[in-house]
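One structure is given here, and the rest of the page talks about it.
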Amino acid sequence: MSFKYTPPKYAQLIAELERRIESGEYPPGSPLPSEHQLMAEFGMARPTVVKALGVLRDQGWIVTHQGKGRFVRGRPAIASGQQTRMGRELLDRKEAQVESSLLSAGPVPAPNRIAAYLNIEPKSPVVLRKILVTRDDEASEISSTWVPADVAEGTPLTGTDDLKQGVRRYVEAAAGIQLDHIVEHVTARNPTREECKLLGVKPSAALLAVYAVAREATGKPWVVVETVLPGDRHELEDAYPIK
Numbered sequence: 001m002s003f004k005y006t007p008p009k010y011a012q013l014i015a016e017l018e019r020r021i022e023s024g025e026y027p028p029g030s031p032l033p034s035e036h037q038l039m040a041e042f043g044m045a046r047p048t049v050v051k052a053l054g055v056l057r058d059q060g061w062i063v064t065h066q067g068k069g070r071f072v073r074g075r076p077a078i079a080s081g082q083q084t085r086m087g088r089e090l091l092d093r094k095e096a097q098v099e100s101s102l103l104s105a106g107p108v109p110a111p112n113r114i115a116a117y118l119n120i121e122p123k124s125p126v127v128l129r130k131i132l133v134t135r136d137d138e139a140s141e142i143s144s145t146w147v148p149a150d151v152a153e154g155t156p157l158t159g160t161d162d163l164k165q166g167v168r169r170y171v172e173a174a175a176g177i178q179l180d181h182i183v184e185h186v187t188a189r190n191p192t193r194e195e196c197k198l199l200g201v202k203p204s205a206a207l208l209a210v211y212a213v214a215r216e217a218t219g220k221p222w223v224v225v226e227t228v229l230p231g232d233r234h235e236l237e238d239a240y241p242i243k
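First residue of the sequence shown? That's 1 in full-length UniProt numbering, and the numbers climb one at a time after it.
Pasting the structure below:
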């Protein structure tokens with residue numbers, strides 16, 4: 001038996017309004033049809049229309065002026081469905097889908113920086129999983145995942161096989177929680193001896209170190225993913241609306 005997926009009504013309305021904005025039917029600065037007009041045109045209840053409009057506002061497609069109505073802003077710099085933030089990509093990346101080699105996987109004492117990010121005592125037991133990622137036969141980055149030892153124990157994070165899911169899924173399943181948001185920290189520094197050898201860079205080279213700290217809704221941190229990037233091989237770019 002085959003099943004055909006039908007998006008919920010509010011999602012259908014979002015898709016249609018986005019299409020009209022992108023096509024120029026609703027140009028930037030123009031007023032959006034009122035809630036009542038949209039309800040009549042699409043045969044939807046007011047809560048459904050309000051939910052769709054709220055999503056479009058939060059994503060930057062439209063803006064609300066008190067007492068005047070809703071107006072089109074235009075296509076966001078990067079539409080939410082296409083936005084790829086580095087921390088999210090690192091948490092969801094599957095090792096089986098990238099060209100990589102495992103450098104280490106096992107318990108270590110938490111370095112001071114990682115301990116601070118995880119809100120634990122320095123030297124507390126954590127599991128470190130480190131891989132070297134290559135692209136076009138050239139070392140591209142060193143990616144390290146730090147998880148409290150009691151969470152990582154018994155999961156594939158300590159094994160030698162390529163991870164078939166992103167780190168996020170293993171941590172959520174092991175801890176019985178849902179990760180809610182990521183805080184990123186970016187620093188620049190010179191490489192260690194090991195990084196010079198692995199990345200093929202000189203001791204004077206500039207590296208970018210990106211730390212993504214994943215937290216649950218309460219703010220409690222559960223995992224840190226660090227990626228070290230040679231500065232001459234990477235460029236970080238982000239785009240977001242000005243509100």
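Ideal Cβ positions, reconstructed from N, Cα and C, are used throughout, including at glycine.
In angstroms with no decimal places, state the Cα-to-Cα distance between A212 and R75. Walking along the sequence shown from the start, residue 212 turns up at place 212. Walking along the sequence shown from the start, residue 75 turns up at place 75. The straight-line gap separating the alpha-carbon atoms of A212 and R75 is approximately 28 angstroms.
Determine the burial state of S204: buried for a count of at least 16 other Cβ atoms within 10 Å of its Cβ, exposed for fewer. The residue you call residue 204 lines up with position 204 of the sequence shown. With fewer than 16 other Cβ atoms within 10 Å, it is exposed.
Does the Cβ of Y170 lie closer than 7 angstroms to at least one heavy atom of the ligand GDP? Absence of the ligand GDP from the depicted structure is noted, as is the absence of any ligand whatsoever, leaving it without description.
CA-to-CA distance, V210 to H185, given in whole angstroms: Taking the first residue of the sequence shown as position 1, residue 185 is located at position 185. Taking the first residue of the sequence shown as position 1, residue 210 is located at position 210. The straight-line gap from Cα to Cα measures roughly 6 angstroms.
Check whether D162 and E89 have beta carbons under 8 angstroms apart: Working through the sequence shown from its first residue, we reach residue 162 at position 162. Working through the sequence shown from its first residue, we reach residue 89 at position 89. Result no, Cβ atoms of D162 and E89 do not sit closer than 8 angstroms.
Excluding the 5 residues flanking I131 on each side, which residues of the same chain have their C-beta closer than 7 angstroms to its C-beta? Looking up residue 131 in the sequence shown gives position 131. So the qualifying residues of the chain are E95, S100, S101, L102, L103, S143.
Under 8 angstroms between C-beta atoms, does Q12 make it to chain C? Judged by its chain identifiers, the structure shown contains no chain C, having just a single protein chain.
Classification of residue 244 by the beta-carbon crowding that lies within 10 angstroms, buried from 16 upward: Outside the shown range of the chain, which is 1 to 243, sits residue 244, and nothing can be said about it.
Once you ignore the five residues that flank V183 on each side, which residues in its own chain have a CB closer than 6 angstroms to its CB? Here residue 183 refers to the residue found at position 183 when the sequence shown is read from its first residue. The residues are V213.
Drop a sphere of 10 angstroms on the beta-carbon of Y5, count the other beta-carbons inside from all chains shown, and report buried for 16 or more, exposed for fewer. Translated into the one-based positions of the sequence shown, residue 5 becomes position 5. Confidence at Y5 is low in this model, with a pLDDT of 40, below 50, so its placement is unreliable and no value can be given for it.
Would you check if the segment 64–72 and the segment 28–36 touch, i.e. whether three or more CB-CB distances between them fall below 8 angstroms? Yes: at least three Cβ pairs fall under 8 angstroms.
Excluding sequence positions up to five away, which residues of its chain have a Cβ less than 7 angstroms from the Cβ of A175? What you label residue 175 is simply residue 175 of the sequence shown in a count that begins at 1. The residues are V151, W222.
Going along the chain, which residues of its own chain have a beta-carbon closer than 8 angstroms to the beta-carbon of T160, five neighbours each way excluded? Within the sequence shown, numbered from 1, the residue matching residue 160 stands at position 160. So the qualifying residues of the chain are L102, A105.
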